[in-house]
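Quick note on numbering: UniProt numbering labels position 78 of the sequence shown as 78, and the sequence is numbered without any gaps.
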Amino acid sequence: MRRREREITDISEIEDILNNSVYLHLGLVDDGMPYVVPMNYGITKDEADGHYIIYLHGANEGRKLDVIRKNPNCCVTMERNVAPFEGRMACQYGTVYECAMGFGTIGIIEDPAEKIHAMKVLMHTQTGRDDFEFDERMLSIVTVMRIDVKELTAKRRPLPGSEHK
């Protein structure tokens, strides 16, 4: 990260971004070309080693799945508290934000029990609720994906002249 003064290292602040962003951008590589798609997500930590796991869901066919099957390497970005600001001259305009960026591998979940778990995590992240039930028919009409995050960074761009406490 070039601008170290913007890096967020406090794990509680990073997890606040991860748990409270609205959506993420999933970045994949399709035959050497970038392919990025915004998606809803669910996030949790692996109980064994503490790495982050991100769950996604989507249609049972399409470009995204074709790309994932060819190349499981991916990246994600998520941001929150995004707002433009003005300056006295053009180069002083900008945007405040908090964001997290991660790299990992993505795969398609086949196990029905893991799919149910993933969908519950996703719905909890999106709604804060834990009372959703999923049956076999519901699971058959979606593909559920799992990202094992191997590297994660976060940063903040505050309003110029202010300091984040």
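Every residue gets a Cβ at the ideal spot worked out from N, C-alpha and C, and that includes glycine.
Treat the numbers as computed from the prediction; the structure is a model and nothing was measured.
{"Item": "Environment of Ser162 [buried if 16+ CB atoms lie within 10 Å]", "Value": "exposed"}
{"Item": "Lys120 to Asp130 span [Cα, whole Å]", "Value": "7 Å"}
{"Item": "Per-residue burial, residue 170 [other beta carbons within 10 Å of its own, 16 or more giving buried]", "Value": "As shown, the chain starts at 1 and ends at 165. That puts residue 170 outside it, with no answer to give."}
{"Item": "Inter-residue spacing [alpha-carbon to alpha-carbon] between Val22 and Thr77", "Value": "11 Å"}
{"Item": "8 Å CB neighbourhood of Lys70 in its chain, flanking five on each side removed", "Value": "Asp30, Asp31"}
{"Item": "Whole-Å CB distance - residue 197 paired with Ala154, under 8 Å assumed", "Value": "Here the chain has residues from 1 to 165 only, and residue 197 is not among them."}
{"Item": "Check whether Ile147 and Gly104 have beta carbons under 7 Å apart", "Value": "yes"}
{"Item": "Which of helix, strand or coil DSSP assigns to Met39", "Value": "strand"}
{"Item": "Status (buried if at least 16 other CB within 10 Å, exposed otherwise) for Ala118", "Value": "buried"}
{"Item": "Sequence-distant residues of the same chain with beta carbon closer than 8 Å to Lys165, five excluded per side", "Value": "The predicted model places Lys165 with a pLDDT of 46, which falls under 50 and marks its position as unreliable, so this point remains unresolved."}
{"Item": "Pair within 7 Å by beta-carbon distance, Leu122 and Gly42", "Value": "yes"}
{"Item": "Which residues DSSP lists as bridging Ala118, in chain order", "Value": "Ala118 is not bridged to any residue."}
{"Item": "Through-space distance from Pro160 to Tyr97, alpha-carbon basis", "Value": "12 Å"}
{"Item": "Which residues DSSP lists as bridging His25, in chain order", "Value": "Pro38, Thr77"}
{"Item": "Per DSSP, the bridge partner or partners of Arg63", "Value": "Its beta-bridge partners do not exist; DSSP assigns none."}
{"Item": "Supposed contact pair Cys74 and Leu26 - C-beta distance, whole angstroms, cut 8 Å", "Value": "6 Å"}
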